[in-house]
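Numbers in our numbering are just positions in the sequence shown, counted from 1, shifted up by 292. For each residue, glycine too, the CB sits at the ideal point set by N, CA and C. Here is the structure we will look at.
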Amino acid sequence: MKEFKGKVLVVTGGGSGVGEAIAKEGALRGMKIVVNDIDAPAVDRVVNELHEMGVEAVGQKADISLLENVEGLLKLTLDTFGQVDMLVNNAGVSVSGPIWEIPVQDIQWITEVNMMSHLYGMHVFIPQMIQQGTEAVIINTESTAGLMTSGNAVMYHATKFAGLGASEGTYLALKNRGLGRIQVHCLVPAFVKTGIHLADTHRPERYAINDDPYYQGQEFKSGYIRSERQVTAGIPIDYVGTCVFTAVEDEKFYIFTHPESQVVAGMRIQNLVNGKNPQ
């Protein structure tokens, strides 16, 4: 896709960070914007700022990890603008810790937001894109964490690896079925100045922090400190939107905000090919 003016962009997790940056870059290119986020005040702020930029925009304040809210997002988009041209599955959360320590509810929460919401997005929106018969774009925000591993934030790595695989598989499935007019892209940023380290402030009630000892332990507290330091040392958020739209124009599947991510991925693949253990 090379022409964006007048087309409709839907962004989940668009109330801040990468999602907000992509929404505003779309606005600069004359797109109509639909913003989803679980943070209601953030949705209002972003939609108001988009209006001030002179574009049409509407918001959905909802937990996108629930299928019914993904279906509601498509309905809102069609009721408001009559079509959908670009979907950005961007919502994401993270909790640090090894799999045997983090609470089961966090395994479920991270899986539902990082993986299931992206799968639901493609499942619900692609049939509409097929029916329209026009050019369309899907961007799944994954992470360099889906290209490499570490001993921290195991569930974040797990869901981002899954998202990468789902993105690649969907790309091939569309191509193999003669539906290549629907582009699929995988955004794999490293550290960017976002608010992902504050994800706990937007937990849905069913996954609220409780009396589990983990939340009072050193791993949970250290994970927050590590995340905050890494995020605040990241690249400026403004660059991400330009990077994404340039990759869409060039039809590049992998969208790298950090060139060093390719080096990290290459090292992991070389270890795998050479039969080496994870490092």
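- Ile394 and Ser388 have their C-alpha atoms some 8 Å from each other.
- Note on the region 389–433: whole beta strand (DSSP E) runs with a minimum of 3 residues are 428–433, in chain order.
- Residue environment for Ala458: buried (at least 16 other C-beta atoms within 10 angstroms of its C-beta).
- A distance of 8 Å or more separates the beta carbons of Gly438 and Asn382.
- Under DSSP, the beta-bridge partners assigned to Cys478 are Asn432 and Tyr546.
- When C-alpha distances from Asn569 are compared across Ile501, Ser357 and Met440, the shortest belongs to Met440.
- Three or more Cβ pairs closer than 8 Å define a contact, and the region 513–532 falls short of that threshold against the region 466–473.
- Between the C-alpha atoms of Met293 and Gly509 there is a straight-line separation of about 48 Å.
- Cβ-Cβ separation between Val310 and Val484: approximately 6 Å, consistent with a contact (criterion under 8 Å).
- Between the region 356–368 and the region 410–417 there are three or more inter-stretch CB-CB distances shorter than 8 Å, so the stretches are counted as touching.
- Sequence-distant Cβ neighbours of Thr486 in its own chain, meaning closer than 8 Å and more than five residues away, are Ser308, Gly309, Val310, Val523, Gly526 and Ile529.
- Ser442 sits exposed, since fewer than 16 C-beta atoms from the chains shown fall within 10 Å of its C-beta.
- For Lys353, the enclosing beta strand (DSSP E) begins and ends at Ala349 to Lys353.
- Taking the Cα of Pro481 as reference, the smallest distance to any Cα among Ala557, Phe548, Ala332 and Gly472 is reached at Phe548.
- Selection Tyr463, Asn444 and Thr436 evaluated against Phe453 yields Thr436 as nearest (Cα-Cα).
- The DSSP-derived three-state label of Met559 is helix.
- Between the region 487–495 and the region 557–568 there are fewer than three inter-stretch CB-CB distances shorter than 8 Å, so the stretches are not counted as touching.
- Of the residues Leu301, Val385, Asn361 and Val555, the one whose Cα lies closest to the Cα of Ser519 is Val385.
- Spanning the alpha carbons of Met408 and Ile330 requires a straight line of approximately 15 Å.
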